[in-house]
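Following the numbering used here, the numbering of the sequence shown begins with 113 at its first residue and continues without gaps.
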Amino acid sequence: MKTKIKIKNDAVISKIDERIYSSFIEHLGRAVYGGIYEPDHETADDMGFRKDVMDLIKELNIPMIRYPGGNFVSGYNWEDGTGEKSKRPRKLELAWNSIETNDVGIDEFQEWAKRVSSDVMMAVNLGTRGADDARNLVEYSNQKTATYYADMRRKNGFEEPFAIKTWCLGNEMDGDWQIGTKRAQEYGRLACETAKLMKMVDPSIELVACGSSGPQMPTFGQWEETVLREAYEHVDYISLHSYYGNPDNNSQEYLGSACIMDGFIKDVVGICDKIKEEKKSDKDIMLSFDEWNVWFHSNEQDKKQEPWQIAPPLLEDMYNLEDAIVVGDLMITLLKNSDRVKIACLAQLVNVIAPIMTVTGGGVWKQTIFYPFKYTSQNGRGQAIKVEIECGTFTEGKAENIPAVDAVAVLSDDENELAVFAVNRLIGEDAELDIDLEGFEGYKLAEHVAMEGEDLKAGNSIDKPDNVTPVTKEINDKVILKGGSWNFLRYKKA
Ligand code: AHR
């Protein structure tokens, strides 16, 4: 398949907000206990955090990590995870039918985040709690005053504030599975009043209002409009959540998933701008795609879990090559929309629908999806540039007229490198690229790495950790994207 690609140096989409490479750790399954935290592990540091896990997280270069949920946050009392560990309550955790020991809370997590060079994106409980507890948590985390909650932090051993900049006003409040589900109007008012109080305590923070739990929700659109009408001037972002999967085992249809994400983003941007117009506001609401990933492999096995265990193995999807291609493609879509998507969190990071897996008491290994995330996060910093593409399309199942090839480019801040992230979604048909770099004279292809292979269902495991890894391609005159592949091309200025 002949494919024309034109990259013009004036086709800038946006300066990329590095928080587009964020991730997420929830108190869920083995994400915290047996994942990032395991005091008896041979690699545990002075606080009980696994250093082998930290090393892999650092490789992903993650600027910010959302915490502590997810569904978990809607029943969480943040004070339970602070202060003297022996006094912390052990509680029934209703979101995931588990037992929460509270051995890890904000005190430990913010310190762990520093150790992996990330900031914390903190979610507040708007399920069973409200504005009062949220503003207290902002004081505990960010204030220097000699007042009750800031003093409580000092007493717990943290003289300096945690300086948490980005905050989520609850989680998926439209979902009937959520602890304390709300109607749109009810949530919009609560988000508005909570936002006001939180910003009174610390005016420098940024706030994310909950959008719909996904585009499939019956109230999608109407929810966003109502919430923004209530809270527009007090919030900075609206959240998007979406998970993709191949439950019908139709790989060709599945490889078109990123187009669904693209449509979802465009719809939410349209709603934000409609309300801006209505309000005659000068302010743009930006998008926080704070939960995205592939999630479907573990659905059946999770139904068999016994309730009330500590850190049961939940949402442990085992990813394969086609999942990695989809994840790489979803990242291309986020970058293509980086003028409005300023924050995005790969959900999640360790053991729970994750690029990094551990054996409790044992080793650590990388899932297939680790690699496209790593290459994009490491090389996709700077300005996103639109790529014009002439290629064929395909229709398969519910996926109609999907472009076979998609791509985005990123020019590094020093302009010495142009990274191109490209996907060929058409299984079995290679794309031969005719590349026109207009305005990038002197840039030469220096590296071509691909996630490709005959077996789209192949994955990694603790026993075969390197079964699926990126392939380094030979550089020659022709650039070929294999049928069903994700690719990273590095151009260097001579
Ligand atoms: O990431 C797993 C779960 O998915 C989160 O807890 C919830 O917000 C979403 O439904």
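Ideal Cβ positions, reconstructed from N, Cα and C, are used throughout, including at glycine.
If you follow the beta strand (DSSP E) that leucine 549 is in, where does it begin and where does it stop? Position 437 of the sequence shown holds residue 549. Taken as a continuous stretch (DSSP letters only), the beta strand (DSSP E) holding leucine 549 covers 543-550.
According to DSSP, is serine 198 part of a helix, a strand, or is it coil? The sequence position of residue 198 within the sequence shown is 86, counting from 1. Serine 198 falls in the helix class under three-state DSSP.
Under 8 Å between C-beta atoms of isoleucine 125 and aspartate 451: Taking the first residue of the sequence shown as 1, we reach residue 125 at position 13. Taking the first residue of the sequence shown as 1, we reach residue 451 at position 339. Cβ distance < 8 Å, so isoleucine 125 and aspartate 451 count as in contact.
Whose C-alpha, out of Leu433, Gly494, Leu593, is nearest the C-alpha of asparagine 579? The count along the sequence shown starts at 1 and reaches residue 579 at position 467. Cα-wise, what sits closest to asparagine 579 is Leu433.
Sorry if obvious, but does the Cβ on alanine 459 come closer than 7 Å to a heavy atom of the ligand AHR? In the sequence shown, counting from the first residue as 1, residue 459 sits at position 347. Between the ligand AHR and alanine 459, a heavy atom-to-CB distance of less than 7 Å is present.
Three or more C-beta pairs closer than 8 Å, one from the region 334-352 and one from the region 371-385: is that the case here? Yes: the two stretches touch, three or more of their Cβ pairs being nearer than 8 Å.
Starting from threonine 505, trace the alpha helix (DSSP H) in both directions and tell me its first and last residue. On the sequence shown, position 393 is the one that residue 505 refers to. Threonine 505 -> not in any alpha helix (DSSP H); beta strand (DSSP E) instead, spanning 505-508.
Cβ of asparagine 283 within 7 Å of any heavy atom in the ligand AHR? Taking the sequence shown and counting its residues from 1, the one referred to as residue 283 is at position 171. It does: the Cβ of asparagine 283 is within 7 Å (strictly closer) of some heavy atom of the ligand AHR.
Based on the DSSP output, what are the partners of histidine 353 in its beta bridges? In the sequence shown, counting from the first residue as 1, residue 353 sits at position 241. Note: histidine 353 is bridge-paired with Glu403 in the DSSP secondary-structure output.
Near the ligand AHR: glycine 181 beta-carbon under 7 Å from a heavy atom: Looking up residue 181 in the sequence shown gives position 69. At least one heavy atom of the ligand AHR sits closer than 7 Å to the Cβ of glycine 181.
With 16 as the cutoff for other CB atoms within 10 Å, does glycine 187 come out buried or exposed? As a first step, residue 187 is located in the sequence shown; it is residue number 75 there, counting from the start. Flag for glycine 187 reads buried.
Proximity below 8 Å, CB of leucine 557 to CB of isoleucine 592: By one-based count along the sequence shown, residue 557 stands at place 445. By one-based count along the sequence shown, residue 592 stands at place 480. Not closer than 8 Å, so no.
Burial state of isoleucine 514 (16 or more Cβ within 10 Å): Sequence index remark: in the sequence shown, residue 514 carries index 402 (1-based). Label assigned to isoleucine 514: buried.
Per DSSP, cross-strand counterpart(s) of arginine 537: What you label residue 537 is simply residue 425 of the sequence shown in a count that begins at 1. Per DSSP, none; premise fails for arginine 537.
Serine 618 versus Ser369, His560, Gln460, residue with shortest Cα-Cα distance: Summary: the structure shown does not reach residue 618, with the chain confined to residues 113 through 606, and so no result is reported for it.
Under three-state DSSP, which class holds threonine 306? What you label residue 306 is simply residue 194 of the sequence shown in a count that begins at 1. Under the three-state reduction of DSSP output, threonine 306 falls in the helix class.
Please report the straight-line C-alpha distance between glycine 509 and glutamate 365, rounded to a whole angstrom. Along the sequence shown, one-based indexing puts residue 509 at 397. Along the sequence shown, one-based indexing puts residue 365 at 253. Their Cα atoms are separated by approximately 6 Å.
Does the region 596-605 come close enough to the region 530-546 that 3 or more CB-CB pairs lie under 8 Å? Yes: at least three Cβ pairs fall under 8 Å.
Do the region 534-550 and the region 424-433 make contact, defined as three or more Cβ pairs closer than 8 Å? Remark: fewer than three beta-carbon pairs, one from each stretch, lie closer than 8 Å, so the region 534-550 and the region 424-433 are not flagged as touching.
Considering only heavy atoms of the ligand AHR, does any lie closer than 7 Å to the CB of glutamate 212? As a working mapping, residue 212 is identified with position 100 in the sequence shown. Remark: the shortest separation between the CB of glutamate 212 and any heavy atom of the ligand AHR does not fall under 7 Å.
Say yes only if the C-beta of isoleucine 465 is nearer than 7 Å to one or more non-hydrogen atoms of the ligand AHR, and no if none qualify. Position 353 of the sequence shown holds residue 465. Because some heavy atom of the ligand AHR lies under 7 Å away, the Cβ of isoleucine 465 counts as near it: yes.
Could you check the C-alpha separation between serine 489 and glycine 146 for me, to the nearest Å? Mapped onto the sequence shown, residue 489 falls at position 377. Mapped onto the sequence shown, residue 146 falls at position 34. Going from the Cα of serine 489 to the Cα of glycine 146 covers about 26 Å.
If you check the beta carbons only, do alanine 243 and glycine 181 fall under 8 Å apart? If you number the sequence shown from 1, residue 243 lands on position 131. If you number the sequence shown from 1, residue 181 lands on position 69. Cβ atoms of alanine 243 and glycine 181: not closer than 8 Å.
By a C-beta neighbour count over all protein chains shown, 10 Å radius and 16 as the cutoff for buried, is glutamate 564 buried or exposed? For the purposes of this step, residue 564 is identified with residue 452 of the sequence shown, where counting begins at 1. Classification of glutamate 564: buried, given that the 10 Å Cβ count is 16 or more.
Counting only runs that start and end within the region 483-532, where is the beta strand (DSSP E) found for 3 or more residues in a row? For the region 483-532, whole beta strand (DSSP E) runs of length 3 or above, ordered along the chain, are 495-502, 505-508, 511-515, 517-523.
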